[in-house]
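Only one structure is covered here, and it is reproduced in the block below.
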Amino acid sequence: MDPILTAFGLVFDPSVMLVILGAAVFGMFVGAMPGLTATMATALLVPVTFFMDPVPALGAIVTATAMAIFAGDIPAAMLRMPGTPASAAYADESYLMARKGQLDLNLGVNVVFSALGGIVGVFFLVLCAPSLAEMALNFSSFEYFWLACLGLTCAVFIGTGDPLKGFVSLLLGLAIVCIGIDPAAGVPRFTFDNVDLMSGVNFIAVMIGAFAVSELLRGAVDLHRQGHVIVPQVGNVFRGVGGVMRRYWLNFIRGSLMGTLIGALPGAGADIAAWVSYAMAKRFSRTPEKFGTGHVEGVVEAGASNNSAVAGAWIPALVFGIPGDSITAIVIGVLYMKGMNPGPTVFTENPQFIYAVFIIFILANIIMVPLGWAAIKSMKQVLRIPRTILLPLILLFCIVGAFAMTNSNYGIVLMLIFGVLGWFMEENGVPVAPMILGLVLGEMLEQNFMTSMIKSDGLWLAFFERPIAGALGALTLLIWLLMLGRGALTALRRPAQA
Amino acid sequence: MNEVSRRGLMAFGVAAGAAGLLARPALAQSRYPTRPITLLCPWGAGGGTDATARIIGALLEKDLGQPINVVNRTGGNGVVGHSAIATAQPDGYTIGIITVEIAMLHHAGLTNLTYKDYRPLALMNEDPPGVQVSASSPYKDIKELAEAIKAAPAGKMKASGTGQGGIWHLALIGWLQAMGLKPDHVRWVPSNGAAPAMQDLAAGGVDIVTCSVPEARAMLDAGRARSLAIMAPQRNPQFDTVPTLNEKLGISYSTGAWRGIAAPRGLPDEMAKTITAALERAYKAKEFTDFMNARGFGTVWADPDGFATFMGRSDAAMGEAMRAAGLARG
């Protein structure tokens, strides 16, 4: 029988459909709760999928993660708390839109562009997985080093306000990454003989602290002051989305492509994709000054980007068994467990399973729109809960989520420390986002720098010897020079104006 | 103070329980376990150790009639999870999967824990290292590669597979020493595990990867890499075209990454016997063999005494290799 037909038969089985629907609701819930993340959703599904057939097992993971990455946008807009790390890049922007009375438009844009971005990612996964994986495979530590540099450069664009404070935040993040076992020499650093510190600083626990707990603290401080609260508007979330599409279609396309690409690169997932896309949107916008005031442009690009990265990450995972992000790192284990060993043979040995996964991917992105709409509606009801009850409830979920990251109290301690630190930083005008970016990319930067230097026997020029590395390096240096030049120019002009 | 008194209470509880066991042996046998058991895993969800833990957990669950929860305690090159197993209450409700790293971490000065801090229950698995090269590499077999390594100046060739001083690094060192070369004749490029190392091999970043063959499988199947040999006494039936070092080079060097089940040291005898018996039935179960074969993982069995002797040998061998390479500290 034709494998595609078999695949349809496998997917449109009542019990499989039920699993997908259940996983979708589960993903929506986990994503919409600040503190609970998509990675955690996948990890929670592993013991459940252990006893399932391959198609429902993978279907559950695909659906839950796709939903969670979108649903993270909802609390970002309503509470300024990203539901998952992937929404952190534009949580501020979304929240500001909501304060301007554009909550409906923001959520409509998020759900529609998440679904469309997801479909673009699946499109590339289905049509050019082998050739895209081929490209990702050519990246060695030299190329990754430059990519990490480019990623860190985004910190300049995402931090609003004082660039000096942005740098302080970035360097703080890079310093925190040094805690734990040195990735090159295997020597413990700043661990003070503490076993937990040897595992380093778990960045998801940090993000839960820096974004959700700090916001809870802020909410607790002015609990009785009104005006901070967004009055839930009950309107049509899809009104105006068409206009946004006509105006910002280029952002959507660029975001989806960038997301797929970043997802396909081993080690970088939806969260980095969102940040890079948000920075790109601002850099190439005709109205960059509107960013940070509740402007929809960056939300379109980053919202599409993080969902396309979900599918993109499956590309190297399926073709070469190399995880594209923390979710697919778990997925690969499930694939092996189900006898679908990753590799090109997975397309020839069990094609019906792979086609079934693709069909579920498309299906998940389609049902995201009605289910997302339902989730938005019900979250609006949640907002009616008095803040004195809502905030402690969210804290509860944050504690659960942080605990789950390390399966110990260490995660909770990290969350609390960075919650207070994040609150303190924001109150003093130091942006938190660059610190998180430093934390996410710091290890990639250090490890790839060290391994590259070991490989090249200490020769610096090796960073430019390989063609892709050379091009990336030249690009990075050019961007830095331009930025320095512009900075010098404004510094020269300022006294003249004053 | 608090900790001490809590331990004291616990000891009292265990003693009381033991007294109960003595009084009604038949009934007590059917009693343990009476609640869910936690199986700690020092490595992340989705990895090989996690998969092994989960299949063992699933079979134990069927056998013992209580849920077995696999909990991942990761980080610190395995120190975090191994410490959690050693320091858990020895009440029979926390056990763990321990790996070859316990024979290495204390030599590297990362922890004071050794295999002696556990009550061994059973050895379940061992995987030998392989020697993988890129598909575009000029070396067609292990002999050509060995000649090229000997001919190359020290440090010219690069190998990867895991972090600095990790098991596959020690495998490389052992092999080089067996060939009469210095431990750093081939330079080690630390990586975040076998999969990134295999990717770097395909990308042309390193010349050799010494991870196990099942870990290299996706790239081998993709035609991106070739496995030239394994460092084991016999071929692996799952990959029977890959020869041993002994066959091709006359070097009998062999080592391996192993996994076994252990409990905190103070676990009472009766409980240990119950779990070991259940583990033996799990090891003989068709599900276990099928699962391990499907992943290409090797299966070996050793009872508690055999496992303890095995770990002692492993510990000595790892210590020797690490001292030779200057990786031992403290």
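Heads up: the sequence lines are chains A and B, in that order. Numbering-wise, the first sequence is residues 52 to 549 according to this note's numbering. Numbering-wise, the second sequence is residues 1310 to 1639 according to this note's numbering. C-beta atoms are modelled at their ideal positions from N, C-alpha and C, and glycine is treated no differently.
Give me, in chain order, the residues of the same chain whose beta-carbon lies closer than 7 Å to that of residue 205 (chain A); leave out the 5 immediate sequence neighbours on both sides.
326, 327, 330 and 488
Use the C-beta contact count for residue 1382 (chain B): other C-beta atoms within 10 angstroms, 16 or more gives buried, fewer gives exposed.
buried
Taking Cβ positions only, does residue 1375 (chain B) come closer than 8 Å to chain A?
no
Do the stretch 1395-1412 of chain B and the stretch 1427-1443 of chain B meet, that is, are 3 or more Cβ pairs less than 8 Å apart?
yes
C-beta atoms of residue 452 (chain A) and residue 265 (chain A) nearer than 8 Å
no
Which value, in whole angstroms, describes the spacing of the CA atoms of residue 1514 (chain B) and residue 1496 (chain B)?
12 Å
Count the other C-beta atoms from every protein chain shown that fall within 10 angstroms of the C-beta of residue 173 (chain A), then say buried if there are 16 or more, exposed otherwise.
buried
CB of residue 351 (chain A) within 8 Å of CB of residue 164 (chain A), strictly:
yes
What residues from the stretch 1459-1493 of chain B come within 7 Å of chain A, judged by C-beta to C-beta, listed N to C?
1464, 1467, 1472, 1473 and 1474
Kindly indicate the opening and closing residues of the beta strand (DSSP E) around residue 1567 (chain B).
1566-1573
Status (buried if at least 16 other CB within 10 Å, exposed otherwise) for residue 1328 (chain B):
Annotation note: pLDDT 45 at residue 1328 (chain B) (below 50); position unreliable, no value reported.
Cutoff 8 Å: residue 68 (chain A) Cβ touching any chain B Cβ:
no
7 Å Cβ cut-off: residues of chain A touching residue 1359 (chain B)
384
Can you give the beta carbon distance from residue 221 (chain A) to residue 486 (chain A), rounded, assuming they're within the 8 Å contact cut?
7 Å
Give me the chain E residues within the contact set of residue 188 (chain A), using Cβ-Cβ distance strictly less than 7 Å, ordered along the chain.
The structure shown contains no chain E; its protein chains are A and B.
Measure the Cβ-Cβ separation of residue 185 (chain A) and residue 523 (chain A) and say whether it is below 8 Å.
no
Give the list of continuous alpha helix (DSSP H) stretches no shorter than 4 residues that lie fully inside the stretch 1474-1530 of chain B.
1476-1487, 1503-1511 and 1522-1530
Residues that residue 1536 (chain B) bridges to, as DSSP identifies them:
B:1441
What three-state label does DSSP hand residue 236 (chain A) in the structure shown?
coil
Quick one: measure Cβ to Cβ for residue 250 (chain A) and residue 307 (chain A), integer angstroms, because I've assumed they're closer than 8 Å.
Not really, about 35 Å apart at Cβ, beyond 8 Å.
List the residues of chain A whose Cβ lies closer than 7 Å to the Cβ of residue 1382 (chain B), in chain order.
458 and 459
Contact set between residue 1530 (chain B) and chain A, taken where Cβ atoms lie within less than 9 Å
372, 392, 393, 394, 395, 396 and 397
Any chance you could list the alpha helix (DSSP H) runs of at least 4 consecutive residues sitting entirely within the stretch 124-152 of chain A, in chain order?
124-130 and 142-148
Per DSSP, what kind of secondary structure is residue 1350 (chain B) in: helix, strand or coil?
strand
Could you tell me which of A:512, A:478 and A:493 sits nearest to residue 269 (chain A), measuring between CA atoms?
A:478
Limits of the unbroken alpha helix (DSSP H) element including residue 1429 (chain B)
Element bounds for residue 1429 (chain B): not the alpha helix (DSSP H) but the beta strand (DSSP E), 1427-1436.
Below-8 Å beta-carbon distance, residue 97 (chain A) vs any chain B residue
yes
Take the Cβ of residue 1353 (chain B) as the centre, count every other Cβ of all protein chains shown within 10 Å, and call the residue buried at 16 or more, exposed below.
buried
Helix, strand or coil at residue 1611 (chain B) according to DSSP, with G and I counted as helix
strand
For residue 151 (chain A), is the classification buried or exposed, using 16 other Cβ atoms within 10 angstroms of its Cβ as the cut-off for buried?
exposed
Skipping 5 residues on each side, what residues in its chain have a beta carbon closer than 8 Å to that of residue 2 (chain A)?
Absent from the structure is residue 2 (chain A), since the part of chain A shown begins at 52 and ends at 549.
Segment limits, beta strand (DSSP E) that includes residue 1469 (chain B)
1467-1469
From A:187, A:391 and A:73, residue whose alpha carbon lies closest to that of residue 408 (chain A)
A:391
Rounded to the nearest angstrom, what separates residue 1587 (chain B) and residue 1489 (chain B) at their Cα positions?
45 Å
Figure out for me which residue from B:1509, B:1540 and B:1412 has the closest Cα to the Cα of residue 1273 (chain B).
Residue 1273 (chain B) cannot be examined here, being either before or after the span of chain B that is shown, 1310 to 1639.
Do you know offhand how far residue 469 (chain A)'s Cα is from residue 454 (chain A)'s?
14 Å
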